[in-house]
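**Q** I have a structure here, written as structure tokens, and I will follow up with some questions on it.
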Amino acid sequence: MQARTGGFETHYAGLIAALFTAFLSVSAVAAPTDGPVRKGDAGGGALLFRGDEPGLYVPAPMLATKVEIDVSGTIARTTVTQYFRNPSDQWVEGVYVFPLPETAAVDRLRLRIGDRFSEGQIKEREAARKAYEAAKAEGKKASLVEQERPNMFTNNVANIGPGDTVVVQIEYQQTVHQDGGDFRLRFPMVVGPRYNPAPALTAGLETIVLSDPVPDRDRITPPVLHPDMDRANSVTLVVVLNTGFPLGDIASPHHAIDVARETPGQAVVTLRDGQTPANRDFELVWSPAPGAAPHAALFHETRDGMPHVLLSVVPPFAAGPANPPPREIIFVLDVSSSMAGASIVQAKASLRLALDRLRVDDAFNLILFNDGAWAMFEAPRLATPPNLALARSFVDRVEANGGTELLSAMRMSLDMATLSAAREDGARLHQVVFLTDGAIGNEDQIFDAIAQRIGETRLFTVGIGSAPNSHFMRRASRLGRGTFTHIGDPSQVAGRTAELFTKLERPLLTGLTVTWPDGAQVEAWPDPVPDLYHGEAIVVAARLPALRGAVTLSGTLAGEAWRASLDLAQATEGAGVAAVWARRKIMALEESRHRGAASETVRQAILETALGYDLVSRYTSLVAIDITPSRPAGEALHSRDIPVMFPVGWEWAKVIGEDVQPMRRAAAPNMAPTKIAMAAATPLPRTATPAQLARLIGLVLVMLGLLVIFARRWRVFSPRAAA
1 MQARTGGFET
11 HYAGLIAALF
21 TAFLSVSAVA
31 APTDGPVRKG
41 DAGGGALLFR
51 GDEPGLYVPA
61 PMLATKVEID
71 VSGTIARTTV
81 TQYFRNPSDQ
91 WVEGVYVFPL
101 PETAAVDRLR
111 LRIGDRFSEG
121 QIKEREAARK
131 AYEAAKAEGK
141 KASLVEQERP
151 NMFTNNVANI
161 GPGDTVVVQI
171 EYQQTVHQDG
181 GDFRLRFPMV
191 VGPRYNPAPA
201 LTAGLETIVL
211 SDPVPDRDRI
221 TPPVLHPDMD
231 RANSVTLVVV
241 LNTGFPLGDI
251 ASPHHAIDVA
261 RETPGQAVVT
271 LRDGQTPANR
281 DFELVWSPAP
291 GAAPHAALFH
301 ETRDGMPHVL
311 LSVVPPFAAG
321 PANPPPREII
331 FVLDVSSSMA
341 GASIVQAKAS
351 LRLALDRLRV
361 DDAFNLILFN
371 DGAWAMFEAP
381 RLATPPNLAL
391 ARSFVDRVEA
401 NGGTELLSAM
411 RMSLDMATLS
421 AAREDGARLH
431 QVVFLTDGAI
441 GNEDQIFDAI
451 AQRIGETRLF
461 TVGIGSAPNS
471 HFMRRASRLG
481 RGTFTHIGDP
491 SQVAGRTAEL
501 FTKLERPLLT
511 GLTVTWPDGA
521 QVEAWPDPVP
531 DLYHGEAIVV
541 AARLPALRGA
551 VTLSGTLAGE
561 AWRASLDLAQ
571 ATEGAGVAAV
581 WARRKIMALE
591 ESRHRGAASE
601 TVRQAILETA
611 LGYDLVSRYT
621 SLVAIDITPS
631 RPAGEALHSR
641 DIPVMFPVGW
651 EWAKVIGEDV
661 QPMRRAAAPN
671 MAPTKIAMAA
681 ATPLPRTATP
691 AQLARLIGLV
701 LVMLGLLVIF
711 ARRWRVFSPR
721 AAA
């Protein structure tokens with residue numbers, strides 16, 4: 001009976017695999033038609049323009065975005081204005097998933113109807129949703145902004161009348177990133193399709209547990225527009241720089257810009273073409289004029305009687321050691337479908353340069369992953385010419401396809417590094433370099449794995465492509481005590497790879513401590529201050545009783561003691577510092593969950609902070625409601641998902657499917673460019689698991705799990721087993 005039961009369980013596992021294969025091979029994409037369509041036939045997420053023939057409609061976009069960024073010193077205040085236009089003859093609710101920087105402190109929402117503004121209110125998430133739903137049912141115009149991830153938000157806009165345009169303004173605060181003497185500011189423009197692993201079934205003797213690694217997959221999988229629709233969602237953008245020091249070079253690696261310099265420390269940056277498709281992230285990089293680089297900055301803002309400060313200090317650059325210790329580096333390369341096209345080219349080029357930087361006494365290994373993960377060698381090997389030649393040949397043959405099972409690769413790489421460290425007893429530095437776009441929905445699973453397995457290993461993430469998941473990249477590197485590098489196009493490969501290896505090779509500023517005036521009750525973030533890599537700035541946000549005395553930073557740099565002190569009374573007033581402090585506290589609380597903090601304790605602390613500082617978070621949302629009903633009684637309301645653009649450089653056929661082609665353009669010649677007929681929005685990416693499909697798989701797994709439990713119980717209680 002034992003053998004027979006084991007055979008049943010083996011058959012059960014095979015049956016699950018077969019069912020997964022069958023279900024996941026079903027296309028999740030609705031192919032669009034070849035021309036104008038009737039209402040309801042356009043596919044998920046499309047709004048419609050009237051066509052030339054009665055009763056026929058053509059799909060059309062309904063969104064335009066204006067971005068205004070004011071930079072003052074190291075603090076940036078951004079206003080994002082979204083214009084929702086309803087070209088149909090129905091009353092609609094627009095639902096739009098959009099990105100913001102992962103460090104954004106979103107603190108203001110305004111709804112504009114004509115000349116009137118309705119200010120948003122921060123509420124606990126469920127209360128905000130209820131208020132919005134009530135206003136929607138009453139026919140009132142309303143907007144609800146909810147956080148899905150720290151870098152992904154949803155805006156619901158209710159009761160947009162036929163031909164109406166509703167304007168929603170969202171404002172947020174963030175700090176400017178400083179690294180290697182340059183200042184960098186990113187504005188994400190596109191939410192790339194994400195891979196969402198299927199639910200998993202765990203069957204015990206008496207219980208079945210079906211766990212979904214992406215329980216909110218419905219909310220993070222918006223419909224996607226075909227890349228031919230390059231003007232479907234357009235963005236205009238202006239950045240006003242007021243740095244406080246003379247400016248040197250100002251550049252955007254991915255967009256053509258015009259720069260108007262007003263004073264040595266001020267400039268206005270605009271897009272050269274006036275607008276740009278929302279299909280890749282915008283990045284602005286500026287540097288101080290020679291000799292003008294600031295080494296320290298201190299800003300303050302008082303809120304509720306409490307001073308909040310933001311300090312930034314750049315330690316002196318230290319030369320690398322004459323004989324750096326040997327290292328073991330495990331390179332992990334994402335070869336999933338979302339990396340196809342420009343991304344895999346950039347990743348392979350970066351990896352080749354990284355291999356060239358290895359010394360003969362270094363050890364290395366290479367792990368690839370898509371639907372699974374596999375290593376080039378069973379264990380890391382020395383970087384000898386023959387081993388490096390094998391690795392280069394291996395990299396040259398790599399192609400991108402399949403899913404993004406990043407969790408298995410993360411576990412494999414960290415476990416391999418830990419095993420090597422145990423064998424060598426501290427003889428080497430152990431580093432893992434992850435090259436990926438991070439296009440996944442199960443971030444929390446991976447963060448937990450990093451926190452549990454990191455040990456003494458350092459994790460460095462390299463974001464590849466036009467729209468990397470920066471939230472995943474930055475939090476993974478923080479949990480792994482490493483750094484995040486972004487490579488957005490081929491022109492950046494050499495420079496950014498060199499920057500990364502400078503960090504890998506140079507000594508850290510270690511043992512960092514921040515000492516506040518005696519007796520001051522200070523709450524500062526991050527806590528503790530992490531080790532610092534070459535060229536990085538120390539940035540600390542704090543809330544304290546008074547601006548008196550000095551704050552002192554100290555640590556060990558290249559084996560020597562280092563110390564810097566700043567007088568708090570000399571802090572410059574800076575609007576938004578309090579919001580930055582609160583956002584950093586929320587980020588620290590979120591990360592504490594992965595290190596074992598109690599979920600309810602974390603939730604209450606985040607809720608208290610977010611409500612106290614009027615911030616959107618995992619547990620709070622902003623809702624704005626117009627007081628006057630606008631939708632007539634009896635008029636139906638139709639909800640429409642607004643499609644997002646497809647990231648530039650990605651391959652549509654591999655991510656979405658070769659069978660889905662764009663609808664031919666069928667607009668009248670005199671229509672404006674933004675009103676040209678577009679393809680129906682493609683609802684779901686092929687590399688993702690659709691929510692409906694996931695639920696169906698879950699149901700099948702539960703049924704099969706019941707069979708397993710029945711088989712086990714039968715084995716225990718059957719007469720043959722008893723005998």
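Going by the numbering used here, the sequence shown opens with residue 1, and the numbers climb by one from there.
All residues carry an ideal CB built from backbone N, CA and C; glycine is no exception.
1) In chain order, what residues of the same chain have a beta carbon less than 6 Å from the beta carbon of Phe183, not counting five sequence neighbours either side?
2) At what residues does the alpha helix (DSSP H) containing Val648 begin and finish?
3) Can you pull the DSSP bridge partners for Tyr172?
4) Can you grab the Cα-Cα spacing for the pair Thr497 / Glu591, in whole Å?
5) Would you kindly work out how many angstroms separate the C-alpha atoms of Arg272 and Thr236, rounded to a whole number?
6) Hey, how far is the Cα of Thr628 from the Cα of Gln121?
7) By DSSP, does His255 sit in helix, in strand, or in coil?
8) What do you reckon, is the C-beta of Gly181 under 8 Å from a heavy atom of the ligand MN?
9) Considering only the alpha carbon of each residue, which of Ala375, Ala379 and Ala439 lies closest to Ala409?
10) Put Arg428 into one of helix, strand or coil per three-state DSSP.
11) Where does the unbroken alpha helix (DSSP H) through Thr609 begin, and where does it stop?
12) By the three-class DSSP mapping on this structure, what secondary structure does Asn156 have?
13) How many Å lie between Thr202 and Asp444 at the Cα?
14) Counting beta carbon pairs with one atom in the segment 468-477 and one in the segment 436-450, are three or more of them shorter than 8 Å?
15) Who are Phe460's beta bridge partners in DSSP?
16) Please list the segments of the beta strand (DSSP E) lying wholly inside the segment 333-406, counting only runs of 3 or more residues, in order along the chain.
17) Please report the residue range of the beta strand (DSSP E) in which Glu119 lies.
18) Give the secondary structure of Leu594 by DSSP, where H, G and I count as helix, E and B as strand, and everything else as coil.
19) Do Asn196 and Asn442 have their C-beta atoms within less than 9 Å of each other?
20) Helix, strand or coil for Arg548, going by three-state DSSP, please let me know.
21) Pull up the CB-CB distance for Leu547 and Pro294, whole angstroms please, since I reckon it's below 8 Å.
22) Could you check what DSSP says for Ala260 in three-state terms: helix, strand or coil?
23) Here's the rule I'm using: 16 or more other beta-carbon atoms within 10 Å means buried, otherwise exposed. How should Leu419 be labelled?
24) Within the continuous beta strand (DSSP E) that includes Ala96, where are the two ends?
25) So for Ala524, helix, strand or coil by DSSP?
26) Going by DSSP, which residues form a beta bridge with Arg186?
27) According to the Cβ coordinates, are Leu247 and Gly265 closer than 9 Å?
28) Do Thr572 and Leu298 count as a contact pair if the criterion is CB distance below 9 Å?
29) Gly495 lies in the alpha helix (DSSP H); which residues open and close that run?
30) State buried or exposed for Lys130, treating a residue as buried only when at least 16 other CB atoms are found within 10 Å of its CB.
31) Is the CB-CB distance between Val145 and Val616 below 9 Å?
32) Would the segment 76-88 count as touching the segment 253-267 if we require 3 or more Cβ pairs under 8 Å?
33) Count the CB pairs spanning the segment 341-348 and the segment 576-583 that are closer than 8 Å, and state whether there are at least three.
34) Suppose you measure from the CA of Ala400 to the CA of Val240; what does that come to, to the nearest Å?
35) Please determine, among Pro380, Arg352, Leu351 and Ala354, the residue with the shortest C-alpha to C-alpha distance to Asn365.
36) For Ser234, collect the residues of the same chain with a Cβ closer than 8 Å to its Cβ; drop the 5 residues on either side in sequence, then sort them by chain order.
**A** Considering the structure as presented:
1) Annotation for Phe183: Val176 and Trp286 place their beta carbon closer than 6 Å to its own, counting only its chain and skipping 5 residues before and after.
2) Counting along the chain, Val648 falls outside any alpha helix (DSSP H), and DSSP gives it neither H nor E.
3) DSSP lists Thr78 and Val106 as the bridge partner or partners of Tyr172.
4) Rounded to whole angstroms, the gap between the alpha carbons of Thr497 and Glu591 is 28 Å.
5) Their Cα atoms are separated by approximately 10 Å.
6) About 17 Å.
7) In the structure shown, His255 sits in coil (DSSP, three-state: anything other than H, G, I, E or B).
8) Looking for the ligand MN in the displayed structure turns up nothing, as the structure carries no ligands at all.
9) Taking only the C-alpha atoms, the option nearest Ala409 is Ala375.
10) Arg428: coil per DSSP, three-state reduction.
11) Run containing Thr609: Ser599 to Gly612, per the alpha helix (DSSP H) assignment.
12) Strand.
13) A direct Cα-to-Cα measurement between Thr202 and Asp444 gives close to 19 Å.
14) Yes, since at least three Cβ pairs between the segment 436-450 and the segment 468-477 fall closer than 8 Å, the two stretches touch.
15) Beta-bridge pairing links Phe460 to Val433.
16) Fully enclosed beta strand (DSSP E) runs of no fewer than 3 residues occupy 363-369 and 373-375 of the segment 333-406, in order along the chain.
17) Looking at the DSSP string, the run of the beta strand (DSSP E) that includes Glu119 is Arg116 to Glu119.
18) Note on identity: in this sequence residue 594 is His, with Leu being the wrong assignment. Here His594 sits in helix by DSSP.
19) Closer than 9 Å, so yes.
20) Three-state DSSP puts Arg548 in coil, outside helix and strand.
21) Incorrect: roughly 20 Å between the Cβ atoms, too far for contact.
22) The answer is strand: DSSP assigns Ala260 an E or B state.
23) That one is exposed.
24) The sequence given here has Tyr at residue 96, not Ala. For Tyr96, the enclosing beta strand (DSSP E) has its first and last residue at Trp91 to Pro99.
25) Ala524 carries a strand assignment under DSSP once its states are collapsed to helix, strand and coil.
26) For Arg186, which the question treats as bridged, DSSP gives the partners Glu283.
27) Contact annotation: Leu247 and Gly265 have beta-carbon atoms nearer than 9 Å.
28) Between Leu298 and Thr572, the gap from beta carbon to beta carbon is short of 9 Å.
29) Element bounds for Gly495: Val493 to Glu505.
30) It counts as exposed.
31) Their beta carbons are under 9 Å apart, which means Val145 touches Val616 by this criterion.
32) By the Cβ criterion, the segment 76-88 is not in contact with the segment 253-267, since fewer than three pairs of Cβ atoms, one from each stretch, lie closer than 8 Å.
33) No, they do not touch.
34) The alpha-carbon of Ala400 is positioned some 40 Å away from that of Val240.
35) Of the residues Pro380, Arg352, Leu351 and Ala354, the one whose Cα lies closest to the Cα of Asn365 is Pro380.
36) In its chain, beyond the 5 residues on either side, Ala64, Thr65, Gln275, Thr276, Pro277, Ala278 and Thr674 have a beta carbon closer than 8 Å to the beta carbon of Ser234.
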